[in-house]
Amino acid sequence: MPDNNIKLSQRAEAISPFHVMKLLAQAKALEAQGRDIIHLEVGEPDFTTPEPIVEAGIAALKSGKTHYTLALGLPALRQAIADWYLTHYGVALSAERVVVTPGASGALLLLMGALLDPGKSVLLADPGYPCNRHFARFVEGQAQLVAVAEAAGYQLTATDIAQHWHDDTSMALLASPANPTGSVLSRDDLMALSSAIKAKAGHFVVDEIYHGLIYGDVDTTTALAIDDNAFVINSFSKFFGMTGWRLGWLVVPEAYVPAMEKLAQNLYLAPPTVSQYAALAAFEPDTLAILEQRRQIFEQRKAVLLPALIALGLKITATPAGAFYIYADCRHFLNDAQPDSMALSQFWLQEAGVAVTPGYDFGKSGAKTHIRFAYTRDSARLLEAVDRIAALYR
Ligand SMILES: Cc1ncc(COP(=O)(O)O)c(C=O)c1O
């Protein structure tokens with residue numbers, strides 16, 4: 042029921058909630074009735090935060106680390122992140138360029154605020170992470186969605202940049218690995234994109250939040266290894282298993298640091314203190330060993346789920362190389378009763394107790410015909426989910 046007493050800004054009116062939230066509420070209601078629901082819609086690791094990070098967080102709390110830090114983050118953490126680029130990617134980086142943020146979400150907000158003028162556009166892949174277009178709207182910019190095909194690896198290409206860039210385009214925001222497709226930009230893709238965007242004198246922004254979660258033999262690296270002027274977003278949420286701690290980071294060209302600092306001070310004062318002390322333990326060898334084990338578990342799950350989904354009748358022609366998502370064409374299951382991905386997700390939830398995310402959440406391209414599966418459950422549960430869906434069609 043619309044409430045006539047509230048007066049929202051056009052900005053707030055224009056931003057839509059996630060469709061999957063409605064599904065999640067229905068799933069919760071079914072669980073309250075005693076139904077067993079297999080959650081394959083959840084975009085976060087099922088693992089809890091590695092013990093060494095938790096211990097560092099507890100120690101920080103106990104020793105009174107409960108005050109604000111500097112707006113750009115703890116110097117020791119900024120240094121640890123810069124060191125990570127050197128040890129992990131061979132990229133030498135001054136810690137001055139690292140901005141610690143409240144999640145990649147905080148990083149996206151800072152970047153959109155700093156780089157996108159009202160009325161100007163950001164090029165985004167469709168399908169893509171839904172919040173990006175909402176962040177653009179929040180700063181009165183325009184999200185310029187470009188449909189990306191499975192054949193093009195579900196990523197914007199240099200040709201897309203040349204074709205779709207117009208006078209009002211300021212930046213292109215890519216993600217590698219991407220949500221919802223798990224597609225990864227190769228070193229060559231990154232190089233081609235960087236030159237295409239440079240030719241337009243635009244900003245090259247890459248969201249690398251799923252970067253630790255890459256499987257198989259993929260020739261890729263951070264965008265910073267290709268282009269020192271790239272803006273790179275990352276986070277402790279996914280690979281490091283710290284979603285609830287709300288901590289991420291940005292690497293920006295040195296000249297942009299004062300602007301980031303000014304915005305950070307005004308938008309949120311500082312990233313969360315306890316989380317920052319905890320994250321200092323994220324790069325320790327013990328933690329990295331745990332994270333590598335988890336990465337391998339995700340890889341095994343993908344190896345179990347992907348062929349099972351294909352055998353079920355879903356069409357997935359490009360093997361996703363990263364993150365923990367499989368984005369599948371579900372047309373085989375569409376009919377008069379379930380004409381699109383939304384109706385199909387409802388049907389699977391109600392009848393099979395399996396929750397998945399309909400393509401509608403990720404843009405327009407493939408919205409009706411695609412579904413995202415998150416393999417954030419163990420292999421036995423993944424196979425049980427596939428069996429339950431298969432049973433509906435026997
Ligand atoms: C591509 C992408 N970017 C950014 C985020 C935001 O993550 P966080 O704010 O937890 O770091 C997410 C979360 O799902 C995501 O999928």
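Residue numbers (this note's numbering): 42 to 435. Ideal placement from N, C-alpha and C gives every residue a C-beta, glycine not left out.
Quiz item: Does the beta carbon of Ser316 fall short of 7 Å from some heavy atom of ligand 1?
Solution: The count along the sequence shown starts at 1 and reaches residue 316 at position 275. The answer is no for Ser316.
Quiz prompt | ligand 1 heavy atom lying under 7 Å from the CB of Gly400 | solution = Residue numbering aside, residue 400 sits at position 359 when the sequence shown is read from its first letter. No, the Cβ of Gly400 stays beyond 7 Å of every heavy atom of ligand 1.
Self-check item: Secondary structure of Trp290, DSSP reduced to three states
Solution: Locating residue 290 in the sequence shown gives position 249, where the first residue counts as 1. Strand.
Quiz item: Met212 lies in the alpha helix (DSSP H); which residues open and close that run?
Solution: By one-based count along the sequence shown, residue 212 stands at place 171. Segment 210-216 is the beta strand (DSSP E) holding Met212; no alpha helix (DSSP H) there.
Quiz item: Of the choices Ala264, Ile430, Ser382, His252, whose alpha-carbon is the least far from that of Val293?
Solution: For this step, residue 293 is matched to residue 252 along the sequence shown. Val293 has its Cα closest to that of Ala264, out of Ala264, Ile430, Ser382, His252.
Self-check item: Assumed close pair Trp282, Pro91 - CB separation to whole angstroms, cut-off 8 Å
Solution: Against the sequence shown, residue 282 aligns to sequence position 241. Against the sequence shown, residue 91 aligns to sequence position 50. Here residue 282 is Gly; the residue named in the question, Trp, does not match the sequence. Contact between Gly282 and Pro91 holds, since their C-beta atoms are separated by about 6 Å, short of 8 Å.
Quiz prompt | Simplified DSSP state of Gln183, which is helix, strand or coil | solution = Position 142 of the sequence shown, counting from 1, holds the residue named residue 183. Of the three classes helix, strand and coil, the one that applies to Gln183 here is strand, per DSSP.
Practice problem: Quick one: grab the DSSP three-state call for Val61. | Solution: For this step, residue 61 is matched to residue 20 along the sequence shown. Val61: helix per DSSP, three-state reduction.
Self-check item: Cα-Cα separation, Ser57 to Phe280
Solution: Here residue 57 is taken as the residue at index 16 of the sequence shown, counted from 1. Here residue 280 is taken as the residue at index 239 of the sequence shown, counted from 1. Roughly 28 Å separates the two Cα atoms.
Quiz prompt | Through-space distance from Glu137 to Gly223, alpha-carbon basis | solution = For the purposes of this step, residue 223 is taken as the residue at position 182 of the sequence shown. For the purposes of this step, residue 137 is taken as the residue at position 96 of the sequence shown. Gly223 and Glu137: Cα-Cα distance of roughly 31 Å.
Quiz item: What number of angstroms, rounded off, separates the C-alpha of Ala240 from the C-alpha of Glu295?
Solution: For the purposes of this step, residue 240 is taken as the residue at position 199 of the sequence shown. For the purposes of this step, residue 295 is taken as the residue at position 254 of the sequence shown. So the two alpha carbons sit approximately 21 Å from each other.
Practice problem: With a threshold of 16 other CB atoms inside 10 Å of the CB of Thr200, please say whether the residue is buried or exposed. | Solution: The count along the sequence shown starts at 1 and reaches residue 200 at position 159. With fewer than 16 Cβ atoms within 10 Å of its Cβ, Thr200 is classed as exposed.
Quiz item: According to DSSP, which residues form a beta bridge with Asp436?
Solution: What the structure shows of the chain is the stretch from 42 to 435, and residue 436 is not part of that stretch, so it cannot be assessed.
Exercise. Measure the Cβ-Cβ separation of Ala396 and Ile78 and say whether it is below 8 Å.
Key: Residue numbering aside, residue 396 sits at position 355 when the sequence shown is read from its first letter. Residue numbering aside, residue 78 sits at position 37 when the sequence shown is read from its first letter. Yes, they are a contact pair.
Exercise. Would you check if there are 3 or more beta carbon pairs closer than 8 Å linking the segment 118-135 to the segment 151-158?
Key: no
Practice problem: Take the Cβ of Gly105 as the centre, count every other Cβ of all protein chains shown within 10 Å, and call the residue buried at 16 or more, exposed below. | Solution: Counting from one through the sequence shown, the residue named residue 105 turns up at place 64. Label assigned to Gly105: exposed.
Self-check item: Nearest candidate by alpha-carbon position, reference Pro168, set Leu127, Lys405, Leu423, Ala266
Solution: Counted from its first residue, the sequence shown places residue 168 at position 127. When each option's Cα is compared against that of Pro168, the closest is Lys405.
Self-check item: Opposing strand residues paired with Pro399 [DSSP bridges]
Solution: Sequence index remark: in the sequence shown, residue 399 carries index 358 (1-based). In DSSP, Pro399 forms a bridge with Ile412.
Quiz item: ligand 1 heavy atoms versus the CB of Thr128: any closer than 7 Å?
Solution: Looking up residue 128 in the sequence shown gives position 87. No, Cβ of Thr128 sits at least 7 Å from all heavy atoms of ligand 1.
Quiz item: What is the DSSP secondary structure of Val140, reduced to helix, strand or coil?
Solution: Numbered from 1 along the sequence shown, position 99 holds the residue referred to as residue 140. Residue state, collapsed to three classes: strand.
Exercise. Decide if Gln317 is buried, meaning its Cβ has at least 16 other Cβ atoms within 10 Å, or exposed.
Key: For this step, residue 317 is matched to residue 276 along the sequence shown. Buried: at least 16 other Cβ atoms inside 10 Å.
Quiz item: According to the Cβ coordinates, are Ala177 and Ala184 closer than 8 Å?
Solution: Here residue 177 corresponds to residue number 136 of the sequence shown, with the count starting at 1. Here residue 184 corresponds to residue number 143 of the sequence shown, with the count starting at 1. Yes; because the gap between Cβ atoms is below 8 Å, this pair is in contact.
Quiz item: With a CB to CB cut of under 7 Å and the five nearest residues on each side skipped, what residues in its chain are close to Tyr401?
Solution: Taking the sequence shown and counting its residues from 1, one reaches residue 401 at position 360. Result list for Tyr401: His60, Ser382, Met383, Ala408, in chain order.
Self-check item: Terminal residues of the alpha helix (DSSP H) in which Tyr318 lies
Solution: Locating residue 318 in the sequence shown gives position 277, where the first residue counts as 1. Its alpha helix (DSSP H) spans residues 314-320.
Quiz prompt | Alpha-carbon to alpha-carbon, Arg435 and Phe277 | solution = Along the sequence shown, one-based indexing puts residue 277 at 236. Along the sequence shown, one-based indexing puts residue 435 at 394. Roughly 43 Å between the two C-alpha positions.
Quiz prompt | Reduced DSSP category for Gly154 - H, G, I as helix; E, B as strand; rest coil | solution = Position 113 of the sequence shown holds residue 154. Helix at Gly154.
Exercise. Quick one: grab the DSSP three-state call for Leu49.
Key: On the sequence shown, position 8 is the one that residue 49 refers to. If DSSP states are grouped into helix, strand and coil, Leu49 belongs with coil.
Practice problem: Output the boundary residues of the alpha helix (DSSP H) element that contains Ile338. | Solution: Taking the first residue of the sequence shown as position 1, residue 338 is located at position 297. Counting along the chain, the alpha helix (DSSP H) containing Ile338 begins and ends at 326-353.
Quiz prompt | Own chain partners of Tyr251 with C-beta closer than 6 Å, once the 5 adjacent residues on each side are dropped | solution = Here residue 251 corresponds to residue number 210 of the sequence shown, with the count starting at 1. Excluding sequence neighbours, Tyr251 sits near Pro218, Lys279, Gly363, Ala364.
Quiz prompt | Leu64 to Leu375 span [Cα, whole Å] | solution = Position 23 of the sequence shown, counted from the start, is the residue given in the question as residue 64. Position 334 of the sequence shown, counted from the start, is the residue given in the question as residue 375. The alpha-carbon atoms of Leu64 and Leu375 are separated by roughly 18 Å.
Quiz prompt | Status (buried if at least 16 other CB within 10 Å, exposed otherwise) for Pro143 | solution = By 1-based counting over the sequence shown, the position of residue 143 is 102. By the 10 Å Cβ count, Pro143 comes out buried.
Practice problem: Check whether the Cβ of Gly289 sits closer than 7 Å to any heavy atom of ligand 1, and report yes or no. | Solution: Counted from its first residue, the sequence shown places residue 289 at position 248. Yes, the Cβ of Gly289 comes within 7 Å of a heavy atom of ligand 1.
Exercise. Could you say which of Leu332, Val139, Ile99 lies nearest to Gly273 if we only look at CA atoms?
Key: The sequence position of residue 273 within the sequence shown is 232, counting from 1. It should be noted that the sequence gives Val, not Gly, for residue 273. Relative to Val273, the option among Leu332, Val139, Ile99 whose CA is nearest is Val139.
Quiz item: Within this structure, are the beta carbons of Pro313 and Arg287 separated by less than 8 Å?
Solution: If you number the sequence shown from 1, residue 313 lands on position 272. If you number the sequence shown from 1, residue 287 lands on position 246. Their beta carbons are under 8 Å apart, which means Pro313 touches Arg287 by this criterion.
Quiz item: Does the Cβ of Ala145 lie closer than 7 Å to at least one heavy atom of ligand 1?
Solution: As a working mapping, residue 145 is identified with position 104 in the sequence shown. Answer for Ala145: yes, Cβ within range of ligand 1.
Self-check item: Any non-hydrogen atom of ligand 1 within 7 Å of Ala166 CB
Solution: Residue mapping note: residue 166 aligns to position 125 of the sequence shown, counting from 1. No; taking the cut-off as 7 Å, the Cβ of Ala166 has no heavy atom of ligand 1 nearer than that.
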